[in-house]
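A.B. asks: I am attaching a structure below and will ask some questions about it afterwards.
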Amino acid sequence: MAASGKLSTSRLPPLPTIREIIKLFRLQAAKQLSQNFLLDLRLTDKIVRKAGNLTNAYVYEVGPGPGGITRSILNADVTELLVVEKDTRFIPGLQMLSDAAPGKLRIVHGDVLTFKVEKAFSESLKRPWEDDPPNVHIIGNLPFSVSTPLIIKWLENISCRDGPFVYGRTQMTLTFQKEVAERLAANTGSKQRSRLSVMAQYLCNVRHIFTIPGQAFVPKPEVDVGVVHFTPLVQPKIEQPFKLVEKVVQNVFQFRRKYCHRGLGMLFPEAQRLESTGRLLELADVDPTLRPSQLSISHFKSLCDVYRKMCDEDPQLFAYNFREELKRRKSKNEEKEEDDAENYRL
501 MAASGKLSTS
511 RLPPLPTIRE
521 IIKLFRLQAA
531 KQLSQNFLLD
541 LRLTDKIVRK
551 AGNLTNAYVY
561 EVGPGPGGIT
571 RSILNADVTE
581 LLVVEKDTRF
591 IPGLQMLSDA
601 APGKLRIVHG
611 DVLTFKVEKA
621 FSESLKRPWE
631 DDPPNVHIIG
641 NLPFSVSTPL
651 IIKWLENISC
661 RDGPFVYGRT
671 QMTLTFQKEV
681 AERLAANTGS
691 KQRSRLSVMA
701 QYLCNVRHIF
711 TIPGQAFVPK
721 PEVDVGVVHF
731 TPLVQPKIEQ
741 PFKLVEKVVQ
751 NVFQFRRKYC
761 HRGLGMLFPE
771 AQRLESTGRL
781 LELADVDPTL
791 RPSQLSISHF
801 KSLCDVYRKM
811 CDEDPQLFAY
821 NFREELKRRK
831 SKNEEKEEDD
841 AENYRL
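And the structure:
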């Protein structure tokens, strides 16, 4: 039991192993859903330990699958565990765990991308944003196919203080492909520095806490898996609307091997691109020859603050999308070519 540490004073009664449950209910990981089962309870216990002290906590587990992490959470002496599982094949195995822990496990058949967790727990759990994090945690071994859109969704929730963050600065402990985990925690100047790095780190303290080798999963994925812990910051490092920050960051990193002025230029219509990009960089005091990975959160703060002022001056600017301008130009060129061809035939 040493591997489990001080997880619980009241553990689950003897149950079939996860491997036995998979055989019992004839479960197979769905490749199209990028499912991978973690069977080693020493590793699931470790994930739960890294989430912090869960004694008497309220936990929201996403994508429980056959219930490996679910068991470790229940063994951590939580008050309530809510699991949301989209795949109906896993419900009977989870129900077996619910029967073994009466009153502790609540099972919802649903999609984590649309589930309204802000209504799931008692109002009494809510804490002011400036206080310590509430006794509410999010834990999950996420399918690779949903991990990135889900963390972006939750980061926007943090920015707006809604969704799972109506309770306060709810902490998250989640799995990602190792490469994604490294990006989330990458420092300025790192090769892994990316859009995800900036979007996560301006809102959260992000720690890549350990890596799980791919062979620990069934079926074995082609990559290792990183476990990442997020604690929302009391004060975001960039105080601008999430969509504005996202637009600036996305534009910068779309040309990640170029100088940063290249991507920033795409924020502006072609007719004013050179002048507006120069003005943005000058007012933000950012060197135009820095690469995207070399821009710090402080650089992005300055860029977002100045871009916000430029949008306030020109209300149509924020809605501008350079791809739409390219499409319109392409369409006009095609029409012109057709007209020229018709005139030639005449």
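For what it's worth, my numbering labels the leading residue of the sequence shown as 501, then goes sequentially. Heads up, the beta-carbon is just placed ideally off N, CA and C, and yes, glycines get one too.
Does DSSP put Thr544 in a helix, in a strand, or in coil?
C.D. replies: Position 44 of the sequence shown holds residue 544. DSSP places Thr544 in helix when its eight states are reduced to three.
A.B. asks: Helix, strand or coil for Ala699 per DSSP?
C.D. replies: Locating residue 699 in the sequence shown gives position 199, counting from the first residue. The sequence given here places Met at residue 699; Ala does not occur at that position. The answer is helix: DSSP assigns Met699 an H, G or I state.
A.B. asks: Between Val723 and Thr711, is the Cβ-Cβ spacing less than 8 Å?
C.D. replies: Taking the first residue of the sequence shown as position 1, residue 723 is located at position 223. Taking the first residue of the sequence shown as position 1, residue 711 is located at position 211. Not in contact: Val723 and Thr711 (Cβ atoms no closer than 8 Å).
A.B. asks: Check whether the Cβ atoms of Ile607 and Ser572 lie closer than 8 Å to each other.
C.D. replies: Here residue 607 corresponds to residue number 107 of the sequence shown, with the count starting at 1. Here residue 572 corresponds to residue number 72 of the sequence shown, with the count starting at 1. No, the pair does not count as a contact, with Cβ atoms beyond the cut-off.
A.B. asks: Enumerate, from N- to C-terminal direction, the unbroken beta strand (DSSP E) stretches of 3 or more residues contained entirely within the stretch 624-704.
C.D. replies: 636-640 and 671-677
A.B. asks: Return the Cβ separation of Ala630 and Val734 in integer angstroms, given the expectation that the two are a contact with Cβ distance under 8 Å.
C.D. replies: Mapped onto the sequence shown, residue 630 falls at position 130. Mapped onto the sequence shown, residue 734 falls at position 234. It is worth fixing the name first, because residue 630 is Glu in this sequence and not Ala. Confirmed, about 6 Å.
A.B. asks: Would you report the Cα separation of Glu682 and His708, rounded to the nearest angstrom?
C.D. replies: For the purposes of this step, residue 682 is taken as the residue at position 182 of the sequence shown. For the purposes of this step, residue 708 is taken as the residue at position 208 of the sequence shown. Glu682 and His708: Cα-Cα distance of roughly 7 Å.
A.B. asks: Please classify Asn556 as buried or exposed, where buried requires at least 16 neighbouring CB atoms within 10 angstroms.
C.D. replies: Locating residue 556 in the sequence shown gives position 56, where the first residue counts as 1. When all chains shown are included, Asn556 counts as exposed.
A.B. asks: Going by DSSP in three states, Val706 sits in which element: helix, strand or coil?
C.D. replies: The residue labelled residue 706 in the question sits at position 206 within the sequence shown. In this structure, Val706 counts as strand in the three-state DSSP scheme.
A.B. asks: Is the Cβ-Cβ distance between Ala784 and Ser802 less than 8 Å?
C.D. replies: As a working note, residue 784 is residue 284 in the sequence shown. As a working note, residue 802 is residue 302 in the sequence shown. Against a cut-off of 8 Å, the Cβ pair of Ser802 and Ala784 comes out as a contact.
A.B. asks: Which one of Arg519, Ile658 and Gly763 has the shortest CA to CA distance from Gln671?
C.D. replies: Working through the sequence shown from its first residue, we reach residue 671 at position 171. The shortest C-alpha separation from Gln671 is found at Ile658.
A.B. asks: Can you grab the Cα-Cα spacing for the pair Asp805 / His799, in whole Å?
C.D. replies: Numbered from 1 along the sequence shown, position 305 holds the residue referred to as residue 805. Numbered from 1 along the sequence shown, position 299 holds the residue referred to as residue 799. Roughly 10 Å separates the two Cα atoms.
A.B. asks: Which class does Thr731 belong to by DSSP, given the choice of helix, strand or coil?
C.D. replies: As a position in the sequence shown, residue 731 is number 231, starting the count at 1. The answer is strand: DSSP assigns Thr731 an E or B state.
A.B. asks: For Ser793, count neighbouring Cβ atoms within 10 angstroms of its own Cβ and tell me buried if that reaches 16, exposed if not.
C.D. replies: The sequence position of residue 793 within the sequence shown is 293, counting from 1. The residue in question, Ser793, is buried, as its Cβ has 16 or more Cβ neighbours within 10 Å.
A.B. asks: I'd like the list of long-range same chain contacts for Val666, defined as Cβ closer than 7 Å, with 5 residues on each side in sequence excluded.
C.D. replies: Counting from 1 along the sequence shown, the entry for residue 666 is found at position 166. For Val666, where only same-chain residues beyond five positions count, the Cβ hits under 7 Å are Glu618 and Lys626.
A.B. asks: Taking Ala771 as the reference, give the member of Val748, Leu826 and Leu554 with the closest Cα.
C.D. replies: The sequence position of residue 771 within the sequence shown is 271, counting from 1. The shortest Cα separation from Ala771 among Val748, Leu826 and Leu554 belongs to Leu826.
A.B. asks: For the alpha helix (DSSP H) holding Glu782, just list the boundary residues, first then last.
C.D. replies: Locating residue 782 in the sequence shown gives position 282, where the first residue counts as 1. Note, Glu782: alpha helix (DSSP H), Arg773 to Ala784.
A.B. asks: Does Val559 come out as helix, strand or coil in the three-state DSSP assignment?
C.D. replies: Taking the first residue of the sequence shown as position 1, residue 559 is located at position 59. Three-state result, Val559: strand.
A.B. asks: Could you pull the DSSP bridge partners for Ile607 from this structure?
C.D. replies: The residue given as residue 607 occupies position 107 in the sequence shown. Looking at the DSSP assignment, Ile607 forms a beta bridge with Val583.
A.B. asks: What does a CB cutoff of less than 6 Å around Arg762 pick up in its chain, not counting 5 residues either side in sequence?
C.D. replies: The count along the sequence shown starts at 1 and reaches residue 762 at position 262. So the qualifying residues of the chain are Phe755.
A.B. asks: Taking the DSSP output, what are the residues bridged to Phe537?
C.D. replies: Locating residue 537 in the sequence shown gives position 37, where the first residue counts as 1. Phe537 pairs with Val718.
A.B. asks: Kindly indicate the opening and closing residues of the alpha helix (DSSP H) around Asp805.
C.D. replies: As a first step, residue 805 is located in the sequence shown; it is residue number 305 there, counting from the start. Element bounds for Asp805: Ile797 to Glu813.
A.B. asks: Based on the DSSP output, what are the partners of Thr711 in its beta bridges?
C.D. replies: Here residue 711 refers to the residue found at position 211 when the sequence shown is read from its first residue. Bridge partners of Thr711: Gly726.
A.B. asks: Going by C-alpha to C-alpha distance, which of Arg829, Arg549 and Leu541 sits closest to Gly567?
C.D. replies: Reading the sequence shown from its first residue, position 67 is the one you call residue 567. Of the listed residues, the one whose Cα sits closest to Gly567 is Leu541.
A.B. asks: Between Val706 and the rest of its own chain, which residues show a CB-CB distance below 7 Å, the 5 nearest in sequence each way excluded?
C.D. replies: Position 206 of the sequence shown, counted from the first residue, corresponds to residue 706. Contacts found: Leu684, Ala685, Ala700, Val728 and Phe730.
A.B. asks: Roughly how many angstroms lie between the CA atoms of Arg829 and Ile522, to the nearest whole one?
C.D. replies: If you number the sequence shown from 1, residue 829 lands on position 329. If you number the sequence shown from 1, residue 522 lands on position 22. In a straight line, the C-alpha of Arg829 is about 55 Å away from that of Ile522.
A.B. asks: With Glu746 as the anchor, note down where its alpha helix (DSSP H) starts and where it stops.
C.D. replies: Reading the sequence shown from its first residue, position 246 is the one you call residue 746. That run of the alpha helix (DSSP H) goes Phe742 to Phe753.
A.B. asks: Would you identify the three-state DSSP class for Phe768, choosing helix, strand or coil?
C.D. replies: Your numbering for residue 768 matches position 268 in the sequence shown. Three-state DSSP puts Phe768 in coil, outside helix and strand.
A.B. asks: Need the endpoints of the alpha helix (DSSP H) that Gly568 sits in, please.
C.D. replies: The residue you call residue 568 lines up with position 68 of the sequence shown. It spans Gly568 to Leu574 - the alpha helix (DSSP H) in which Gly568 sits, taken as one unbroken run.
A.B. asks: Can you tell me which of the three DSSP states Gly552 falls into?
C.D. replies: For the purposes of this step, residue 552 is taken as residue 52 along the sequence shown, with counting starting at 1. Gly552: coil per DSSP, three-state reduction.
A.B. asks: CA-CA distance, Asn751 and Leu767?
C.D. replies: Position 251 of the sequence shown holds residue 751. Position 267 of the sequence shown holds residue 767. Those two C-alpha atoms are separated by around 7 Å.
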